[in-house]
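These notes concern the structure reproduced below.
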Amino acid sequence: MSKLICAFAIVAVLSLCQAEDKLKVSLFFSSLCPYCQSFILDRLYPNYNDFADYINLELVPDQLCNEDHGKWKCTCLGDQKCLGNKYSSCAIANSSTKVALEYITCLERARVSKESFAQCASQARISYDELKSCVETKGLELLVAHSKRAEPLKVRGYPTIVFNDVLDEDANFEARANFKEYVCKRLQKNAPKVCSS
(Lines of atoms letter the chains of each structure in order from A and count residues from 1; the text may use other names and numbers.)
(Lines give C-alpha, C1' and ligand atoms only; values in the text may rest on other atoms or scores of the structure.)
Protein backbone atom coordinates (compact mmCIF):
# COMPACT_ATOMS: atom_id res chain seq x y z
CA MET A 1 0.00 0.00 0.00
CA SER A 2 2.81 2.43 0.90
CA LYS A 3 4.52 1.70 -2.45
CA LEU A 4 1.31 2.66 -4.23
CA ILE A 5 1.08 5.93 -2.29
CA CYS A 6 4.74 6.67 -3.08
CA ALA A 7 4.13 6.02 -6.78
CA PHE A 8 1.17 8.43 -6.81
CA ALA A 9 3.21 11.05 -4.96
CA ILE A 10 6.06 10.79 -7.48
CA VAL A 11 3.67 11.13 -10.43
CA ALA A 12 2.03 14.16 -8.80
CA VAL A 13 5.38 15.86 -8.17
CA LEU A 14 6.57 15.16 -11.73
CA SER A 15 3.32 16.56 -13.16
CA LEU A 16 3.67 19.68 -11.02
CA CYS A 17 7.28 20.20 -12.11
CA GLN A 18 6.33 19.72 -15.74
CA ALA A 19 3.53 22.33 -15.44
CA GLU A 20 5.96 24.79 -13.84
CA ASP A 21 8.37 24.34 -16.76
CA LYS A 22 5.75 25.57 -19.20
CA LEU A 23 5.83 29.16 -20.40
CA LYS A 24 2.66 31.01 -19.48
CA VAL A 25 1.37 33.02 -22.43
CA SER A 26 -1.59 35.32 -21.82
CA LEU A 27 -3.33 36.89 -24.80
CA PHE A 28 -5.48 39.92 -24.04
CA PHE A 29 -7.69 40.59 -27.05
CA SER A 30 -11.03 41.99 -28.12
CA SER A 31 -13.49 40.69 -30.69
CA LEU A 32 -13.57 42.53 -34.01
CA CYS A 33 -10.21 44.17 -33.36
CA PRO A 34 -8.38 43.96 -36.72
CA TYR A 35 -4.95 43.56 -35.07
CA CYS A 36 -6.31 40.82 -32.80
CA GLN A 37 -7.87 39.02 -35.75
CA SER A 38 -4.58 39.17 -37.62
CA PHE A 39 -2.59 37.88 -34.65
CA ILE A 40 -5.00 35.05 -33.85
CA LEU A 41 -5.49 33.93 -37.47
CA ASP A 42 -1.93 34.36 -38.77
CA ARG A 43 0.33 33.77 -35.77
CA LEU A 44 -1.29 32.14 -32.74
CA TYR A 45 -3.66 29.57 -34.22
CA PRO A 46 -1.26 28.19 -36.89
CA ASN A 47 1.43 27.64 -34.24
CA TYR A 48 -0.58 26.59 -31.19
CA ASN A 49 -0.45 22.82 -31.75
CA ASP A 50 3.34 22.94 -32.04
CA PHE A 51 3.58 24.68 -28.66
CA ALA A 52 0.60 23.19 -26.79
CA ASP A 53 2.80 20.91 -24.65
CA TYR A 54 5.26 23.71 -23.88
CA ILE A 55 3.03 26.67 -23.02
CA ASN A 56 0.05 27.40 -20.81
CA LEU A 57 -2.12 29.61 -23.00
CA GLU A 58 -4.50 31.98 -21.24
CA LEU A 59 -7.06 33.68 -23.47
CA VAL A 60 -8.52 36.90 -22.06
CA PRO A 61 -11.21 38.70 -24.06
CA ASP A 62 -10.95 42.11 -22.45
CA GLN A 63 -12.89 45.32 -22.41
CA LEU A 64 -13.26 48.19 -20.00
CA CYS A 65 -15.66 47.38 -17.16
CA ASN A 66 -16.49 49.74 -14.31
CA GLU A 67 -18.59 49.50 -11.19
CA ASP A 68 -21.13 52.24 -10.63
CA HIS A 69 -23.29 52.16 -7.47
CA GLY A 70 -22.85 48.40 -7.12
CA LYS A 71 -23.64 47.61 -10.78
CA TRP A 72 -21.06 46.62 -13.34
CA LYS A 73 -21.09 48.08 -16.83
CA CYS A 74 -18.76 47.13 -19.67
CA THR A 75 -18.05 49.60 -22.44
CA CYS A 76 -17.88 48.32 -26.01
CA LEU A 77 -17.57 49.85 -29.42
CA GLY A 78 -20.72 48.19 -30.73
CA ASP A 79 -23.02 45.39 -29.62
CA GLN A 80 -21.33 42.75 -31.79
CA LYS A 81 -17.98 43.40 -30.09
CA CYS A 82 -19.55 42.94 -26.63
CA LEU A 83 -21.40 39.84 -27.77
CA GLY A 84 -18.24 38.42 -29.37
CA ASN A 85 -16.33 38.95 -26.12
CA LYS A 86 -19.12 37.27 -24.12
CA TYR A 87 -19.25 34.25 -26.42
CA SER A 88 -15.45 34.00 -26.35
CA SER A 89 -15.48 34.25 -22.53
CA CYS A 90 -18.06 31.49 -22.25
CA ALA A 91 -16.14 29.23 -24.64
CA ILE A 92 -13.03 29.75 -22.49
CA ALA A 93 -14.92 29.11 -19.24
CA ASN A 94 -16.56 25.90 -20.48
CA SER A 95 -13.96 24.27 -22.75
CA SER A 96 -10.34 23.26 -22.96
CA THR A 97 -7.90 25.89 -24.20
CA LYS A 98 -7.58 24.09 -27.53
CA VAL A 99 -11.35 24.00 -28.09
CA ALA A 100 -11.79 27.61 -26.97
CA LEU A 101 -9.04 28.73 -29.35
CA GLU A 102 -10.71 26.80 -32.17
CA TYR A 103 -13.99 28.60 -31.42
CA ILE A 104 -12.41 32.06 -31.11
CA THR A 105 -10.41 31.57 -34.31
CA CYS A 106 -13.59 30.63 -36.16
CA LEU A 107 -15.39 33.71 -34.76
CA GLU A 108 -12.58 36.03 -35.79
CA ARG A 109 -12.40 34.48 -39.26
CA ALA A 110 -16.17 35.03 -39.63
CA ARG A 111 -15.83 38.60 -38.32
CA VAL A 112 -18.10 37.82 -35.34
CA SER A 113 -21.52 37.73 -37.01
CA LYS A 114 -24.72 36.51 -35.36
CA GLU A 115 -24.68 33.39 -37.53
CA SER A 116 -21.09 32.62 -36.58
CA PHE A 117 -21.86 32.07 -32.88
CA ALA A 118 -23.74 28.84 -33.68
CA GLN A 119 -21.68 27.83 -36.74
CA CYS A 120 -18.40 28.15 -34.84
CA ALA A 121 -19.82 26.24 -31.86
CA SER A 122 -20.62 23.38 -34.22
CA GLN A 123 -17.16 23.54 -35.80
CA ALA A 124 -15.43 23.53 -32.38
CA ARG A 125 -17.80 20.84 -31.07
CA ILE A 126 -19.22 23.04 -28.33
CA SER A 127 -22.91 22.95 -27.40
CA TYR A 128 -24.38 26.16 -28.79
CA ASP A 129 -27.31 25.99 -26.35
CA GLU A 130 -24.92 25.82 -23.37
CA LEU A 131 -22.81 28.62 -24.82
CA LYS A 132 -25.85 30.84 -25.40
CA SER A 133 -27.15 30.12 -21.90
CA CYS A 134 -23.75 31.07 -20.45
CA VAL A 135 -23.73 34.33 -22.44
CA GLU A 136 -27.20 35.22 -21.12
CA THR A 137 -26.56 34.26 -17.49
CA LYS A 138 -22.81 34.68 -16.89
CA GLY A 139 -21.55 36.77 -19.82
CA LEU A 140 -21.26 40.05 -17.93
CA GLU A 141 -19.71 38.34 -14.89
CA LEU A 142 -17.02 36.76 -17.09
CA LEU A 143 -16.28 40.08 -18.84
CA VAL A 144 -15.85 41.76 -15.45
CA ALA A 145 -13.47 38.98 -14.33
CA HIS A 146 -11.39 39.43 -17.50
CA SER A 147 -11.33 43.20 -17.03
CA LYS A 148 -10.10 42.71 -13.45
CA ARG A 149 -7.43 40.29 -14.74
CA ALA A 150 -6.12 42.94 -17.18
CA GLU A 151 -6.26 45.90 -14.77
CA PRO A 152 -3.14 45.26 -12.63
CA LEU A 153 -1.08 44.63 -15.78
CA LYS A 154 -2.19 47.99 -17.21
CA VAL A 155 -3.11 46.49 -20.58
CA ARG A 156 -3.57 49.46 -22.90
CA GLY A 157 -4.17 48.04 -26.36
CA TYR A 158 -4.99 44.87 -28.22
CA PRO A 159 -3.64 42.40 -28.74
CA THR A 160 -1.36 42.38 -25.72
CA ILE A 161 0.76 39.30 -25.08
CA VAL A 162 2.06 38.75 -21.56
CA PHE A 163 4.61 36.11 -20.59
CA ASN A 164 4.64 34.58 -17.09
CA ASP A 165 2.34 37.36 -15.81
CA VAL A 166 4.86 40.13 -16.59
CA LEU A 167 3.90 42.74 -19.18
CA ASP A 168 7.02 43.70 -21.09
CA GLU A 169 6.35 45.99 -24.05
CA ASP A 170 9.42 44.75 -25.95
CA ALA A 171 8.35 41.12 -25.52
CA ASN A 172 4.79 42.03 -26.51
CA PHE A 173 6.02 43.77 -29.66
CA GLU A 174 8.36 40.91 -30.61
CA ALA A 175 5.71 38.24 -30.02
CA ARG A 176 3.13 40.16 -32.03
CA ALA A 177 5.58 40.43 -34.94
CA ASN A 178 6.75 36.79 -34.88
CA PHE A 179 5.04 34.65 -32.26
CA LYS A 180 6.74 31.38 -33.22
CA GLU A 181 10.25 32.84 -33.18
CA TYR A 182 9.73 34.68 -29.90
CA VAL A 183 8.24 31.67 -28.09
CA CYS A 184 11.12 29.49 -29.35
CA LYS A 185 13.54 32.06 -27.96
CA ARG A 186 11.79 32.05 -24.58
CA LEU A 187 11.66 28.26 -24.38
CA GLN A 188 15.37 27.90 -25.20
CA LYS A 189 16.53 24.40 -24.20
CA ASN A 190 12.97 23.18 -23.59
CA ALA A 191 11.85 24.13 -27.11
CA PRO A 192 9.92 21.77 -29.40
CA LYS A 193 11.38 20.43 -32.66
CA VAL A 194 9.57 23.11 -34.65
CA CYS A 195 12.02 25.64 -33.19
CA SER A 196 14.97 24.00 -34.89
CA SER A 197 13.41 24.12 -38.35
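Going letter by letter, the sequence shown gives residues -19 to -1, 1 to 178 in mature numbering (1 follows the signal peptide of the UniProt record, and there is no 0). Beta carbons: idealized from backbone N, C-alpha and C, even for Gly.
Residues bridged to C55 (per DSSP): Counted from its first residue, the sequence shown places residue 55 at position 74. According to DSSP, which records beta bridges pairwise, C55 is partnered with C46.
Touch test, the segment 149 to 164 against the segment 61 to 77, Cβ-Cβ under 8 Å, three pairs minimum: With contact defined as three or more Cβ pairs closer than 8 Å, the segment 149 to 164 and the segment 61 to 77 are not in contact.
Residue range of the unbroken alpha helix (DSSP H) whose run includes I142: For the purposes of this step, residue 142 is taken as residue 161 along the sequence shown, with counting starting at 1. Judged by DSSP secondary structure, I142 falls outside any alpha helix (DSSP H) and instead within the beta strand (DSSP E) spanning 141 to 144.
C-alpha distance - Q100 paired with I85, whole-angstrom precision: As a first step, residue 100 is located in the sequence shown; it is residue number 119 there, counting from the start. As a first step, residue 85 is located in the sequence shown; it is residue number 104 there, counting from the start. Between Q100 and I85, the C-alpha separation is close to 12 Å.
8 Å Cβ cutoff met for F20 and R130: In the sequence shown, counting from the first residue as 1, residue 20 sits at position 39. In the sequence shown, counting from the first residue as 1, residue 130 sits at position 149. For the pair F20 and R130, the CB atoms are not nearer than the 8 Å cut-off.
Own chain, CB closer than 6 Å to E155, minus 5 neighbours either side, in chain order: Translated into the one-based positions of the sequence shown, residue 155 becomes position 174. These residues qualify, in order along the chain: Y163.
Assigned exposure category for N153 - 16 Cβ within 10 Å defines buried: By one-based count along the sequence shown, residue 153 stands at place 172. Within a 10 Å sphere around the beta-carbon of N153 sit 16 or more other beta-carbons, which makes this residue buried.
Presumed contact (8 Å Cβ cut-off) between D43 and F9, rounded CB distance: On the sequence shown, position 62 is the one that residue 43 refers to. On the sequence shown, position 28 is the one that residue 9 refers to. Yes, D43 and F9 are in contact; Cβ-Cβ is about 5 Å, under 8 Å.
6 Å CB neighbourhood of A172 in its chain, flanking five on each side removed: The count along the sequence shown starts at 1 and reaches residue 172 at position 191. For A172, the CB contacts under 6 Å within the same chain, skipping 5 residues up- and downstream, are C165 in chain order.
Delimiting residues of the alpha helix (DSSP H) encompassing K129: Working through the sequence shown from its first residue, we reach residue 129 at position 148. Where K129 is concerned, the enclosing alpha helix (DSSP H) stretches over 109 to 131.
Where the alpha helix (DSSP H) containing L8 begins and where it ends: Here residue 8 corresponds to residue number 27 of the sequence shown, with the count starting at 1. Looking at the DSSP string, L8 is not in any alpha helix (DSSP H); the run it does join, the beta strand (DSSP E), is 4 to 10.
Paired residues, beta bridge with N37 - DSSP: Against the sequence shown, residue 37 aligns to sequence position 56. Residue pairing by DSSP places N37 opposite K5 in a beta bridge.
Between the CA atoms of L123 and V116 - distance to the nearest angstrom: Mapped onto the sequence shown, residue 116 falls at position 135. Mapped onto the sequence shown, residue 123 falls at position 142. When rounded, the distance between both Cα atoms is 9 Å.
Residues sharing a beta bridge with V175, DSSP: Locating residue 175 in the sequence shown gives position 194, counting from the first residue. Answer by DSSP bridge pairing: none, since V175 is not bridged.
Straight-line Cα distance separating V147 from K95: The residue you call residue 95 lines up with position 114 of the sequence shown. The residue you call residue 147 lines up with position 166 of the sequence shown. One C-alpha to the other measures close to 35 Å.
S69 Cβ short of 7 Å to the ligand ZN heavy atom set: As presented, the structure is devoid of all ligands, the ligand ZN included, so that no description of it is given.
Buried or exposed (CB count within 10 angstroms, at least 16 for buried), R92: On the sequence shown, residue 92 is found 111 positions in, with the first residue counted as 1. R92 sits exposed, since fewer than 16 C-beta atoms from the chains shown fall within 10 Å of its C-beta.
Strand pairing of K164, partner residues [DSSP]: As a first step, residue 164 must be located in the sequence shown, where it is residue number 183. Per the sequence shown, the amino acid found at residue 164 is Val instead of Lys. None; V164 has no bridge partner.
Span of the alpha helix (DSSP H) around L13: Residue mapping note: residue 13 aligns to position 32 of the sequence shown, counting from 1. It is not in any alpha helix (DSSP H) - L13 carries neither H nor E in the DSSP assignment.
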